[in-house]
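The structure appears right after this line, and notes come after that.
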Amino acid sequence: MDIIPRPTFSPQSEGNEEMLGPPAASAPLPGEGTHLHQSLAAGVPVSSWNFFHLLIAGDSHSTRRSVQTIALENLELFIPRFDVPLSTQRELALRRLRTLCQAGLFSVFDFDRAPRRLLTMHECCGMLDASLATKFTVQFNLFGGTLLRLGSKENHVQREILNKIDTLEEIGCFALTELGYGNNAVCLETTATYEPARDEFVISSPTTLSQKYWITNGALHASWAIVFAQMIIRGASQGVHAFLVRIRQPSSNLGSSSELRVCPGVTIEDMGHRIGCNGVDNAKITFHNVRIPRSHLLDGITKVEADGRVFSIVDGPDSLSVDLETLLKKREEKTSDRSGNGGGKSAVSNVAEEKGVNSQRPSQKRRTTLANSAQWTRAEVNRGGQSWTGDALSSSQNEGQPNAVQVVSPVEKPEAEPPSASIARNRFLLQTEQLLSGRLCIACMMIGGIKVVLNNTLRYSSTRLSTGPSGLSDTPILSFAVQKQTLMPLLAQALILMAWTNEVKALYERFTRVLSRTASVRQAFLRERIALCAAVRKQRQFENAEKSTANRGERSREETTSPLTEEARGGKDGNPTLFNVHTQRNKKTGKLEDPVLIGSLPVRSLLEAHAAAHCEVLLHCCALKPTVAWCAERLATEGRERCGGGGFLSANLFGEFIGSAHAGLTAEGDNRV
Numbered sequence: 001m002d003i004i005p006r007p008t009f010s011p012q013s014e015g016n017e018e019m020l021g022p023p024a025a026s027a028p029l030p031g032e033g034t035h036l037h038q039s040l041a042a043g044v045p046v047s048s049w050n051f052f053h054l055l056i057a058g059d060s061h062s063t064r065r066s067v068q069t070i071a072l073e074n075l076e077l078f079i080p081r082f083d084v085p086l087s088t089q090r091e092l093a094l095r096r097l098r099t100l101c102q103a104g105l106f107s108v109f110d111f112d113r114a115p116r117r118l119l120t121m122h123e124c125c126g127m128l129d130a131s132l133a134t135k136f137t138v139q140f141n142l143f144g145g146t147l148l149r150l151g152s153k154e155n156h157v158q159r160e161i162l163n164k165i166d167t168l169e170e171i172g173c174f175a176l177t178e179l180g181y182g183n184n185a186v187c188l189e190t191t192a193t194y195e196p197a198r199d200e201f202v203i204s205s206p207t208t209l210s211q212k213y214w215i216t217n218g219a220l221h222a223s224w225a226i227v228f229a230q231m232i233i234r235g236a237s238q239g240v241h242a243f244l245v246r247i248r249q250p251s252s253n254l255g256s257s258s259e260l261r262v263c264p265g266v267t268i269e270d271m272g273h274r275i276g277c278n279g280v281d282n283a284k285i286t287f288h289n290v291r292i293p294r295s296h297l298l299d300g301i302t303k304v305e306a307d308g309r310v311f312s313i314v315d316g317p318d319s320l321s322v323d324l325e326t327l328l329k330k331r332e333e334k335t336s337d338r339s340g341n342g343g344g345k346s347a348v349s350n351v352a353e354e355k356g357v358n359s360q361r362p363s364q365k366r367r368t369t370l371a372n373s374a375q376w377t378r379a380e381v382n383r384g385g386q387s388w389t390g391d392a393l394s395s396s397q398n399e400g401q402p403n404a405v406q407v408v409s410p411v412e413k414p415e416a417e418p419p420s421a422s423i424a425r426n427r428f429l430l431q432t433e434q435l436l437s438g439r440l441c442i443a444c445m446m447i448g449g450i451k452v453v454l455n456n457t458l459r460y461s462s463t464r465l466s467t468g469p470s471g472l473s474d475t476p477i478l479s480f481a482v483q484k485q486t487l488m489p490l491l492a493q494a495l496i497l498m499a500w501t502n503e504v505k506a507l508y509e510r511f512t513r514v515l516s517r518t519a520s521v522r523q524a525f526l527r528e529r530i531a532l533c534a535a536v537r538k539q540r541q542f543e544n545a546e547k548s549t550a551n552r553g554e555r556s557r558e559e560t561t562s563p564l565t566e567e568a569r570g571g572k573d574g575n576p577t578l579f580n581v582h583t584q585r586n587k588k589t590g591k592l593e594d595p596v597l598i599g600s601l602p603v604r605s606l607l608e609a610h611a612a613a614h615c616e617v618l619l620h621c622c623a624l625k626p627t628v629a630w631c632a633e634r635l636a637t638e639g640r641e642r643c644g645g646g647g648f649l650s651a652n653l654f655g656e657f658i659g660s661a662h663a664g665l666t667a668e669g670d671n672r673v
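Here full-length UniProt numbering is used: the first residue of the sequence shown is 1, the next is one more, and so on.
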């Protein structure tokens, strides 16, 4: 694995390397010559300057140059401003973000097409303005990325909002954390109660602790919020899910479409001044029976039918997709049973496989055991689907008939069974998966700040002269031990973190390719699960109608002319029809079996690749973000001290980056939790 990118130049032999500073023609560095004092620049080979430039820049060089050009062309806008009102700081951050968006350098769809470009933009924004970077990551990663990952491509409202994110025609916020729930957000209190009669969810904040807290873009600029709430179906919580909620709308009274007013039922409170990032408009948001259509549920993980039935890809206790894995395992076993002798496997090979499973690592063995032991039956489909409209279905309690289905009278309408704590937690983890890229985005923002602080500190240390051995003021303070012993370890750590960040960006880009394919499989699985549940219900209704007709003696089974007959039996010639295209029928019993799951696609291999890639990226992101944030905080503090009185001036940005580093320590989860 190449952690450090290869230089683009042709390396010279060690003996023939030119021992000079970095001339502009040889090293792609801005400006001419070097800012280093002559005594420090001597003896640095040209190839080393090229190498370190590539190490620091990493990737997306054209994007970096474009951002630099935009900043230089709009110096009046991007030059830091101090001693200005809070409202001015917020307006500046928004104008800077809008200027970058108008250049068309990036898109929210880059999370699928070119994620490294967006990650590079986080770094560039972190170099320009910490408040700009914060608003950028909320708009494009947390709000836009979540809508892209969990939203429905068929939902025209969601697609319209996605298409307006790039131009800031629609600005959004990410409402997850609450006053009483941060790292324990899986237990948050905001509720989204479904009302089948009106086909709507009702969003409510039942307690003071349930108000959404620290919501970036919420105080002034956001029109939409992705609100995470406990989804309540027939009195039972189905876990935390994401909902698209409008919190502001254009005000027709003011005669300007740019003026926004808070929607009825929404209360927004500005959180005021902070120790850093004051260009960000953070808010506390409370909801009072705000109604949204059912289509505003982001249903990439869980779908809710109009009658209140719930279908989720997570209905197993200890796996993010245990139902899907178990389904595939069960189909493999059935295929083996049909082919005889376990599909050509001998008892010896079965024993060998068992030993192979036992030789796996504990985590792998545990996942395999869970996948093999779980049973995905039609009764479980009914329980997971929570079907009760019409002739509702429930699992039979009769012994010897585990898959039997019995009819429940429509008037009973039993209360829904809530999922177990582990299922609810796994649903929550999938709903908030964009926080994984959020950690990487924050690391990239911190890397941008680290580069600015290093630049300011080392430039000052290499040009500020002090008394040297000759007794004259001709020696840069960077030559003294106290300066070297403080800054050089931090410089080395920063360079390593830059290389590590570049590698994690590459890992994440590979992961997004797998993630896009997995999302298609998840949607196919949900569609087939819904089709199976509908097929079972229709089959049971048809069988009950047949029995009732036979008992009355009005017509025989062969004379039945129900419109369901042909479909339920797979067509006149036995070929699949639209009714059972997603299901298989047992030839002996005539009963429906598990879904086909999009035919011959290598679904299991895809799931395994997704799990492996997710695990690797998760470990790197969870380690990278706190490490980079700690380095940024220490470097900003030490750099300010090493620059003496000059470091205490606001114009040198040390105070700004100390504040943003502390914001990075807490954002996306406490570093030590």
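Glycine included, every Cβ here is placed at the ideal spot set by N, Cα and C. Here the structure is a predicted model, which is why all the values come from computation and not from measurement.
Next on the checklist: Whole angstroms are fine: how far does the CA of Arg309 sit from the CA of Pro196?
Outcome noted: C-alpha of Pro196 to C-alpha of Arg309: approximately 10 Å in a straight line.
Item to check | Coil, strand or helix - His288 by DSSP | outcome: coil
Next on the checklist: Starting from Ser231, trace the beta strand (DSSP E) in both directions and tell me its first and last residue.
Outcome noted: Sequence inspection shows Met at residue 231; the Ser mentioned does not correspond to that position. In this chain, the beta strand (DSSP E) harbouring Met231 covers Trp224 to Ile233.
Checklist entry - By how many angstroms is the C-alpha of Glu641 removed from the C-alpha of Phe480? => result 15 Å
Checklist entry - By the 10 Å Cβ neighbour count, where 16 or more other Cβ atoms means buried, how is Met121 classified, buried or exposed? => result buried
Next on the checklist: Distance check for Glu259 and Arg425, CA to CA, integer angstroms please.
Outcome noted: Between the alpha carbons of Arg425 and Glu259 lies a distance of about 40 Å.
Checklist entry - Terminal residues of the continuous beta strand (DSSP E) containing Leu465? => result Leu465 to Thr467
Item to check | Neighbour-count burial assignment, His288, 16 or more Cβ in a 10 Å radius | outcome: exposed
Checklist entry - Quick one: what's Pro250 bridged to in DSSP? => result Leu260
Checklist entry - Apart from the five residues on each side of it in sequence, which residues of its chain come closer than 6 Å, Cβ to Cβ, to Glu205? => result In the sequence as presented, Glu is not what sits at residue 205; that position holds Ser. Closer than 6 Å at Cβ, skipping near neighbours: Thr190, Gln211, Thr286 and Phe287.
Item to check | Chain-order list of residues whose beta-carbon lies under 8 Å from that of Phe136 (same chain, five-residue window excluded) | outcome: A distance below 8 Å between beta-carbons, with the five flanking residues on each side excluded, links Phe136 to the following residues of its chain, in chain order: Leu97, Leu100, Met121, His122 and Cys125.
Checklist entry - Roughly how many angstroms separate the alpha carbons of Glu491 and Leu128, rounded to a whole number? => result Note on residue identity: the sequence assigns Leu, not Glu, to residue 491. Taking the straight line from one Cα to the other gives about 20 Å.
Checklist entry - Touch check for the region 104-118 and the region 505-518: three-plus C-beta pairs under 8 Å? => result yes
Item to check | Host alpha helix (DSSP H) of Pro115 (start-end) | outcome: Pro115 to Leu128
Checklist entry - Is the beta carbon of Ile442 less than 8 Å from the beta carbon of Ala103? => result no
Checklist entry - Just curious, the beta strand (DSSP E) that Cys173 is in, first and last residue? => result Gly172 to Ala175
Item to check | CB-CB length for Asn282 against Gly218, believed under 8 Å | outcome: 7 Å
Checklist entry - Under the three-state reduction of DSSP, which class applies to Ile215: helix, strand or coil? => result DSSP places Ile215 in strand when its eight states are reduced to three.
Next on the checklist: Would Ile215 and His662 be called neighbours here (beta carbons separated by less than 8 Å)?
Outcome noted: no
Checklist entry - Who pairs with Thr512 in a beta bridge, going by DSSP? => result Its beta-bridge partners do not exist; DSSP assigns none.
Item to check | Secondary structure of Asn282, DSSP reduced to three states | outcome: strand
Item to check | Nearest-angstrom Cα separation, counted from Thr69 out to Leu665 | outcome: 31 Å
Checklist entry - Where does the unbroken beta strand (DSSP E) through Ser312 begin, and where does it stop? => result Val310 to Ser312
Item to check | the region 448-468 contacting the region 630-647, beta-carbon criterion three pairs below 8 Å | outcome: yes
Checklist entry - First and last residue of the alpha helix (DSSP H) that includes Ser62? => result His61 to Glu73
Item to check | Simplified DSSP assignment, three categories, for Phe480 | outcome: coil
Checklist entry - Skipping 5 residues on each side, what residues in its chain have a beta carbon closer than 6 Å to that of Pro418? => result Ala236 and Ser237
Item to check | Simplified DSSP assignment, three categories, for Val108 | outcome: coil
Item to check | Bridge partner(s) assigned by DSSP for Ala636 | outcome: DSSP, once it has assigned bridges, lists no residue as partnering Ala636.
Checklist entry - Residues bridged to Phe201 by DSSP? => result Tyr194 and Ile292
Next on the checklist: Tell me which residue opens and which closes the beta strand (DSSP E) that Lys303 is part of.
Outcome noted: Thr302 to Val304
Checklist entry - Roughly how many angstroms separate the alpha carbons of Ser660 and Gly438, rounded to a whole number? => result 16 Å
Checklist entry - If you draw a straight line from the C-alpha of Asn141 to the C-alpha of Arg198, how long is it? => result 33 Å
Item to check | Terminal residues of the alpha helix (DSSP H) in which Thr88 lies | outcome: Leu86 to Gln102
Checklist entry - Is the region 77-85 touching the region 646-655, taking contact as three or more C-beta pairs under 8 Å? => result yes
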